[in-house]
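Colleague: Mind having a look at this structure? Questions to follow.
4 protein chains.
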Amino acid sequence: MTELPRGIIPPIVTPFRGGSFDDAAFRANIEIWNRTSLAGYLACGSNGEGVFMTDDEIVRVVEAGAAARARGMFLLAGTGRESTRRTIELSRRAAGAGAEAVLVVPPSYYRSSMTDAALDAHYRAVADASEVPVVLYHVPKFSPVQFSTRLVLGLAGHPNIHGIKETSGDLAFLSSILAGRPTSFRVYVGSGGLLLAGLLLGADGGIVALANVAPSECVAIHDLAVAGKIEEARRLQFGLLAVNHTITNAHGVAGLKHAMDVLGYSAGEVAPPLQPVGAKEAAEIESVLEAAGLRGSPSRRHV
Amino acid sequence: MTELPRGIIPPIVTPFRGGSFDDAAFRANIEIWNRTSLAGYLACGSNGEGVFMTDDEIVRVVEAGAAARARGMFLLAGTGRESTRRTIELSRRAAGAGAEAVLVVPPSYYRSSMTDAALDAHYRAVADASEVPVVLYHVPKFSPVQFSTRLVLGLAGHPNIHGIKETSGDLAFLSSILAGRPTSFRVYVGSGGLLLAGLLLGADGGIVALANVAPSECVAIHDLAVAGKIEEARRLQFGLLAVNHTITNAHGVAGLKHAMDVLGYSAGEVAPPLQPVGAKEAAEIESVLEAAGLRGSPSRRHV
Amino acid sequence: MTELPRGIIPPIVTPFRGGSFDDAAFRANIEIWNRTSLAGYLACGSNGEGVFMTDDEIVRVVEAGAAARARGMFLLAGTGRESTRRTIELSRRAAGAGAEAVLVVPPSYYRSSMTDAALDAHYRAVADASEVPVVLYHVPKFSPVQFSTRLVLGLAGHPNIHGIKETSGDLAFLSSILAGRPTSFRVYVGSGGLLLAGLLLGADGGIVALANVAPSECVAIHDLAVAGKIEEARRLQFGLLAVNHTITNAHGVAGLKHAMDVLGYSAGEVAPPLQPVGAKEAAEIESVLEAAGLRGSPSRRHV
Amino acid sequence: MTELPRGIIPPIVTPFRGGSFDDAAFRANIEIWNRTSLAGYLACGSNGEGVFMTDDEIVRVVEAGAAARARGMFLLAGTGRESTRRTIELSRRAAGAGAEAVLVVPPSYYRSSMTDAALDAHYRAVADASEVPVVLYHVPKFSPVQFSTRLVLGLAGHPNIHGIKETSGDLAFLSSILAGRPTSFRVYVGSGGLLLAGLLLGADGGIVALANVAPSECVAIHDLAVAGKIEEARRLQFGLLAVNHTITNAHGVAGLKHAMDVLGYSAGEVAPPLQPVGAKEAAEIESVLEAAGLRGSPSRRHV
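Chains as they are written, first to last, in the numbering used here: chain A, 1 to 303; chain B, 1 to 303; chain C, 1 to 303; chain D, 1 to 303.
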């Protein structure tokens with residue numbers, strides 16, 4: 001049985017150029033991250049703009065990720081669609097392209113119909129059909145559906161559902177999952193601002209946008225938390241709060257991509273309807289990165 | 001220039017059987033509605049489960065609608081996708097398949113990034129590229145994005161943006177659009193429970209789920225409102241409030257489909273993750289239809 | 001049995017000066033309104049800042065209102081408190097001070113406990129104890145509790161509950177009340193932007209902030225709606241949308257008070273923590289009033 | 001300068017009997033808690049139903065608390081009202097009655113007007129006038145106003161504002177306060193389900209409903225967190241999640257009072273409009289307490 005890794009996994013961005021996937025930029029970023037102690041990559045998640053891509057495009061990005069990652073780097077792919085059938089199709093294609101597990105955001109267009117029973121049936125159908133393990137994805141800010149503890153713990157008993165990325169921000173909910181899960185069910189913190197808190201509560205790792213721009217710092221928070229060095233971990237976590245806020249809540253994927261470009265990555269364009277950050281936002285992002293001590297080329301920083 | 005019609009347009013359901021589009025059922029429904037005074041059809045909107053379908057499937061449904069509708073029935077198609085590029089592609093394909101206008105739900109996955117500027121650019125790009133007129137679709141309960149009056153009235157000045165389906169439920173917002181729009185910009189009420197109120201304020205028509213099951217009654221509300229026969233219109237509107245609630249807020253598309261089956265239409269299955277109504281909900285829907293006097297075969301009722 | 005009036009009732013502001021009730025200013029405003037065809041006054045409602053006042057202060061304002069109003073002007077007082085006991089006490093004191101009915105906002109601090117059963121018990125206890133009729137007050141933007149149709153229609157059967165001020169903005173909900181109410185149960189529109197729509201649906205009147213600054217125009221909307229002169233009514237309603245937005249949603253009570261001062265009323269200070277509008281907001285309000293043609297002294301306008 | 005304590009402070013319930021404060025029951029509870037290592041008491045907070053009481057009643061409860069507490073137990077009182085003036089008056093009276101600090105919930109009736117500027121002015125006015133230190137109270141579920149980091153850190157510089165009870169549930173916000181506060185500014189976790197997480201992030205203590213029913217367990221979580229014994233602390237925290245959910249989110253103050261009665265405290269009645277729990281809820285609460293191992297008389301448990 002595939003065991004999902006502990007540790008830090010960035011939900012990596014998908015660089016676009018002229019509206020198309022920029023393969024070279026994508027590989028260039030992965031080569032930088034390959035030199036870190038990250039546990040793997042999530043391709044085509046929320047920060048990967050998977051929601052904008054056709055299935056063919058997602059397959060191409062997953063293939064590129066599978067080819068570029070260093071040995072030992074786990075590869076997750078975001079494959080949730082609104083329909084159960086299409087989620088199954090894409091999950092199978094992503095597995096065929098090299099994904100070792102799929103992260104499935106819940107359908108939410110008809111959110112008042114997304115009862116526990118509907119979500120349970122959806123995830124079981126996907127997990128039954130998927131050749132690789134399924135990871136639940138709870139992210140009400142993008143897909144406005146609330147998971148219940150009962151739903152998640154029920155699904156955790158399915159032999160092909162191996163974990164959850166918890167991005168609701170509710171650590172009491174995260175705690176209730178941690179308190180009741182089977183030990184093999186991985187729990188990933190989904191919010192960079194809550195990484196340390198979640199890890200101290202017993203989460204296995206983090207899948208956080210912040211790890212795109214501060215991979216080594218996120219890994220350090222993880223390692224310090226595991227080692228019980230709380231004060232040092234707190235200093236790191238607190239020092240990254242403003243950066244995390246800027247590249248998620250404040251400016252979203254466009255902000256994240258600008259931050260990456262500033263730090264020496266090749267993030268490329270966002271896909272419309274997303275719009276690039278303006279000059280004022282760009283300056284604000286740069287000053288936040290500066291204040292956090294993240295400036296400087298990433299290759300230098302990861303040596 | 002294509003002039004969009006006044007009057008009532010049902011957002012027609014898409015019957016599925018065994019997971020596939022049921023063409024025969026779809027045509028059977030349209031043949032019933034063809035005998036009414038509806039102004040046209042919206043295919044693949046929210047009640048048409050367009051969000052579950054691939055572009056190929058949507059094209060097929062639009063083609064079937066174009067073939068089955070009676071002469072004079074206007075054909076709208078829902079073509080909004082999360083990405084601007086894919087919305088353009090689907091809009092062009094739907095026009096090629098026979099749609100006379102496209103209804104475009106806004107992107108909302110990254111809703112905190114969907115500023116007025118982003119939405120304005122998105123709709124202008126789609127309208128520039130579309131061969132048929134664009135109708136804006138404001139429906140926060142499905143796509144949790146709020147339009148501003150300024151955004152809508154700005155877009156109303158684009159030569160290829162011809163109207164709006166207003167399904168936020170906020171009639172003060174609807175009023176502000178009606179107060180400021182160019183006269184050729186059509187305003188459709190999007191909520192069956194607000195049909196009369198919106199028409200009395202000056203809206204041109206309604207695109208409401210309710211028109212799937214009570215087409216002649218919705219047309220009558222429209223005609224009575226235009227004729228200033230308010231009391232009679234109110235009686236009709238009030239008599240349909242419970243039906244409307246049941247097939248939208250309470251039980252969604254599955255409830256609507258069950259109601260249609262009860263009334264002699266061929267609504268088919270919902271696509272998973274939607275689930276059919278249970279026995280208790282079915283009985284409740286039937287009793288609400290009964291109380292509203294809607295039972296009896298639709299062919300008899302529309303003679 | 002007291003019959004509540006049809007027509008327009010302004011929720012009148014309470015002028016403060018140096019933190020205390022300014023009786024003279026209060027009377028001066030009422031003398032202007034006394035020359036209109038308003039149906040009465042609501043003292044100490046949301047626009048009257050009743051939530052800031054002690055019971056003694058409310059009694060004093062109600063007494064002042066009772067003394068100043070012209071013959072035939074109905075006097076309502078806002079008396080809702082968080083506790084049932086204190087709501088009863090204040091309702092009885094307000095009746096003693098001259099209120100002919102009391103408007104009772106629901107408790108909402110413990111809003112997740114405010115079930116239909118709790119609200120039903122609360123309102124019945126108040127209505128049983130009150131010497132004057134009770135009017136329900138549904139205003140989720142201030143008191144974040146949602147009434148259900150079942151709750152309101154159940155309470156409408158109580159012999160001492162005579163009406164509702166509906167300020168949720170949901171005209172489908174308003175319709176469901178109108179469709180099911182006993183004929184003696186008064187329904188008042190609570191939002192100035194929805195005044196015409198609500199009246200056309202059959203509401204009996206409006207209790208709207210807008211009537212503080214445009215009393216005669218609100219009365220005209222009411223009279224035109226009753227007379228079936230919809231187009232003329234619409235012109236008036238649409239012409240006041242921006243004013244209404246400015247003195248409610250955009251700038252709240254401070255905006256309303258500034259608008260009143262500009263128009264020749266004596267609105268006085270707001271009570272802290274409310275803050276007066278700044279220079280920029282003041283200019284915006286003035287320009288909106290100008291555009292709506294409301295400038296000029298009210299005494300001249302009401303002749 | 002008064003230094004606020006570190007550790008656990010229960011927001012103690014106010015027992016009512018026949019609608020009046022039950023002094024004897026109140027003292028009986030405090031005598032039980034006096035035997036624990038709690039740091040003090042909060043009287044008349046959200047769980048103390050302060051929102052239902054007149055100023056006179058609050059003064060009486062504070063006096064009773066001051067008299068009953070053991071030496072060294074800190075006494076906080078909830079004194080927030082909607083108006084600034086009345087908050088000041090009550091804060092001064094509470095201090096006179098023995099409160100060593102006041103907890104001030106923000107005004108929220110006019111929540112769209114409660115800008116940072118308005119809240120800043122409100123809290124500064126209260127802090128300037130109060131004879132005892134002010135503690136900010138962030139609790140959007142009861143008072144739907146969101147504090148910003150900038151607001152709180154700005155107020156933390158006021159010489160008479162000494163801390164915050166953070167009950168929004170957002171630990172990223174809590175972190176941003178912890179990261180920027182002056183060291184003397186106390187940060188209390190306000191949610192029992194987040195007690196451990198908040199303490200591990202560096203919070204000084206907790207003011208949580210849970211401490212009414214599990215005072216020694218909450219103190220143990222605090223002490224274990226301070227000592228870095230994370231695993232043991234987690235076991236305690238996880239074991240109390242269901243209890244905490246039941247006495248807060250699920251059943252509110254009525255649930256908390258029933259749980260206390262079951263455990264041997266004298267919680268008394270809730271004040272209407274709150275309603276006592278029904279038989280089904282009571283059984284559920286008892287079973288949750290049983291499962292958490294909290295049954296048995298508190299006096300025995302605290303020996």
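Glycine is no exception: its CB is placed at the ideal position from the N, C-alpha and C atoms.
(1) Taking only beta-carbon atoms, is Gln146 of chain B less than 8 Å away from chain C?
(2) Exposed or buried, which one is Ala67 of chain B when buried takes at least 16 other CB atoms within 10 Å?
(3) Measuring only between beta-carbons, confirm whether Gln237 of chain B sits less than 8 Å from chain C.
(4) Does any C-beta atom of chain C lie closer than 8 Å to the C-beta of Gly40 of chain B?
(5) For the segment 149-179 of chain B, which residues have a CB atom closer than 8 Å to at least one CB atom of chain C, in sequence order?
(6) If you measure from the beta carbon of Val132 of chain D to each beta carbon in chain C, is any gap under 8 Å?
(7) Do you know how far the Cα of Val208 of chain D is from the Cα of Pro5 of chain D?
(8) 8 Å is my cut-off, CB to CB: does Tyr137 of chain B come that close to chain A?
(9) Helix, strand or coil for Arg69 of chain C, going by three-state DSSP, please let me know.
(10) Using a Cβ-Cβ cut-off of less than 7 Å, list which residues of the segment 242-257 of chain C approach chain B; keep chain order.
(11) How many angstroms separate the CA atom of Arg69 of chain A from the CA atom of Ile30 of chain A?
(12) Residues of chain A with a CB under 7 Å from the CB of Val51 of chain B: which are they?
(13) How about Ala99 of chain C: is its Cβ closer than 7 Å to a heavy atom in the ligand NAD?
(14) Return the Cβ separation of Tyr109 of chain B and Val253 of chain A in integer angstroms, given the expectation that the two are a contact with Cβ distance under 8 Å.
(15) Excluding five sequence neighbours on each side, which residues of the same chain lie with their C-beta closer than 6 Å to the C-beta of Glu3 of chain B?
(16) At a CB distance below 8 Å, what residues from the segment 66-98 of chain C approach chain D? Give them in sequence order.
(17) List the endpoints of the continuous alpha helix (DSSP H) containing Tyr123 of chain D.
(18) What residue ranges within the segment 241-291 of chain B form continuous alpha helix (DSSP H) runs of no fewer than 4 residues, ordered along the chain?
(19) Report the residues of the segment 190-209 of chain B with a CB closer than 9 Å to any CB of chain C, ordered along the chain.
(20) How would you write the range of the beta strand (DSSP E) that Gly202 of chain B sits in, first residue to last?
(21) Can you find a CB in chain A that lies within less than 8 Å of the CB of Gly45 of chain D?
(22) From A:Leu236, A:Glu166 and A:Ala267, pick the residue whose C-alpha is nearest to that of Leu103 of chain A; which is it?
(23) On the criterion of 16 or more Cβ atoms from any shown chain inside 10 Å, does Thr380 of chain D qualify as buried, or is it exposed?
(24) So which residues on chain D does Ile230 of chain A lean against when the C-beta distance must stay under 7 Å?
(25) With H, G and I counted as helix, E and B as strand and the rest as coil, what does DSSP make of Leu294 of chain B?
(26) Please state if the CB of Pro15 of chain B and the CB of Tyr41 of chain B are separated by a distance shorter than 8 Å.
(27) Is Gly18 of chain D close to chain C? Criterion is C-beta to C-beta, closer than 8 Å.
(28) Consider the Cβ of His306 of chain C: report whether some Cβ of chain D lies at a distance smaller than 8 Å.
(29) Starting from Arg186 of chain D, trace the beta strand (DSSP E) in both directions and tell me its first and last residue.
(30) Closest to Ser113 of chain D by C-alpha separation, out of C:Val126, C:Gly154, C:Asn47 and C:Tyr188, would be which residue?
(31) Can you tell me whether Gly40 of chain D is helix, strand or coil according to DSSP?
(32) Specify, as a first and last residue, the run of the alpha helix (DSSP H) that Gly78 of chain C falls within.
(33) Check each candidate in D:Ala225, D:Gly193 and D:Asn212 and name the one with the smallest Cα separation from Asp204 of chain D.
(34) Using DSSP bridges, identify the partner residues of Glu161 of chain C.
(35) So, for Arg27 of chain D: in the same chain, excluding its five sequence neighbours on each side, which residues have a beta-carbon less than 7 Å away from its beta-carbon?
(36) What does a CB cutoff of less than 8 Å around Ser130 of chain B pick up in its chain, not counting 5 residues either side in sequence?
Modeller: Here's the rundown:
(1) Your numbering for residue 146 of chain B matches position 146 in the second sequence. No, no contact with chain C.
(2) Numbered from its first residue, the second sequence carries residue 67 of chain B at position 67. Ala67 of chain B should be labelled exposed.
(3) The count along the second sequence starts at 1 and reaches residue 237 of chain B at position 237. Taking Cβ atoms only, chain C reaches closer than 8 Å to Gln237 of chain B, which makes this a yes.
(4) Translated into the one-based positions of the second sequence, residue 40 of chain B becomes position 40. With a threshold of 8 Å between beta carbons, Gly40 of chain B makes no contact with chain C.
(5) Gly169, Asp170, Leu171, Ala172, Ser175, Ser176, Leu178 and Ala179
(6) Reading the fourth sequence from its first residue, position 132 is the one you call residue 132 of chain D. No, Val132 of chain D lies away from the interface with chain C (no Cβ there is under 8 Å from its Cβ).
(7) The sequence position of residue 5 of chain D within the fourth sequence is 5, counting from 1. The sequence position of residue 208 of chain D within the fourth sequence is 208, counting from 1. For Pro5 of chain D and Val208 of chain D, the distance between alpha carbons rounds to 15 Å.
(8) By one-based count along the second sequence, residue 137 of chain B stands at place 137. Chain A, which has no Cβ nearer than 8 Å to the Cβ of Tyr137 of chain B, makes this no.
(9) Looking up residue 69 of chain C in the third sequence gives position 69. Reduced to three states, the DSSP call for Arg69 of chain C is coil.
(10) Residues: none.
(11) Locating residue 69 of chain A in the first sequence gives position 69, where the first residue counts as 1. Locating residue 30 of chain A in the first sequence gives position 30, where the first residue counts as 1. The straight-line gap from Cα to Cα measures roughly 6 Å.
(12) Position 51 of the second sequence, counting from 1, holds the residue named residue 51 of chain B. Ordered by position in chain A, the residues that pass the 7 Å Cβ test against Val51 of chain B are Glu82 and Tyr109.
(13) The model on display carries no ligand, and the ligand NAD is accordingly not part of it.
(14) Residue mapping note: residue 109 of chain B aligns to position 109 of the second sequence, counting from 1. Residue mapping note: residue 253 of chain A aligns to position 253 of the first sequence, counting from 1. So it is not a contact: roughly 10 Å between Cβ atoms.
(15) Locating residue 3 of chain B in the second sequence gives position 3, where the first residue counts as 1. Nothing listed; no residue qualifies.
(16) Glu82, Ser83, Thr84, Arg85 and Arg86
(17) Position 123 of the fourth sequence holds residue 123 of chain D. Element bounds for Tyr123 of chain D: Asp116 to Ala129.
(18) With a minimum length of 4 residues, the continuous alpha helix (DSSP H) runs that stay inside the segment 241-291 of chain B are 241-245, 252-262 and 279-291.
(19) Ser191, Gly192, Gly193, Leu194, Leu196, Ala197, Gly198, Leu200, Leu201 and Gly202
(20) For the purposes of this step, residue 202 of chain B is identified with residue 202 of the second sequence, where counting begins at 1. That residue, Gly202 of chain B, is in no beta strand (DSSP E); it is neither H nor E in DSSP.
(21) Within the fourth sequence, the letter at position 45 stands for residue 45 of chain D. No, Gly45 of chain D lies away from the interface with chain A (no Cβ there is under 8 Å from its Cβ).
(22) Counting from 1 along the first sequence, the entry for residue 103 of chain A is found at position 103. The residue with the shortest Cα to Cα distance from Leu103 of chain A is A:Glu166.
(23) Because chain D here runs from 1 to 303, residue 380 of chain D falls outside it and cannot be looked at.
(24) Taking the first sequence and counting its residues from 1, one reaches residue 230 of chain A at position 230. Listed along chain D are Leu200 and Gly228, each with a C-beta nearer than 7 Å to that of Ile230 of chain A.
(25) In the second sequence, counting from the first residue as 1, residue 294 of chain B sits at position 294. Coil, per DSSP.
(26) As a first step, residue 41 of chain B is located in the second sequence; it is residue number 41 there, counting from the start. As a first step, residue 15 of chain B is located in the second sequence; it is residue number 15 there, counting from the start. No, they are not a contact pair.
(27) For the purposes of this step, residue 18 of chain D is taken as the residue at position 18 of the fourth sequence. Output row for Gly18 of chain D: interface = no.
(28) Here chain C has residues from 1 to 303 only, and residue 306 of chain C is not among them.
(29) Along the fourth sequence, read from residue 1 onward, the residue named residue 186 of chain D stands at position 186. Element bounds for Arg186 of chain D: Arg186 to Val189.
(30) Numbered from its first residue, the fourth sequence carries residue 113 of chain D at position 113. Nearest option by C-alpha distance: C:Asn47.
(31) Counting from 1 along the fourth sequence, the entry for residue 40 of chain D is found at position 40. Three-state DSSP puts Gly40 of chain D in a strand.
(32) Locating residue 78 of chain C in the third sequence gives position 78, counting from the first residue. No alpha helix (DSSP H) holds Gly78 of chain C; the beta strand (DSSP E) holding it covers Phe74 to Gly78.
(33) In the fourth sequence, the residue the question calls residue 204 of chain D occupies position 204. With distances taken between Cα atoms, Asp204 of chain D lies closest to D:Ala225.
(34) Along the third sequence, read from residue 1 onward, the residue named residue 161 of chain C stands at position 161. The sequence given here places Ile at residue 161 of chain C; Glu does not occur at that position. Answer by DSSP bridge pairing, in chain order: C:Val134.
(35) In the fourth sequence, the residue the question calls residue 27 of chain D occupies position 27. So the qualifying residues of the chain are Ala64 and Ala68.
(36) Numbered from 1 along the second sequence, position 130 holds the residue referred to as residue 130 of chain B. The answer, listed in chain order, is Ile88, Ser91, Arg92, Ala95, Val102 and Asn160.
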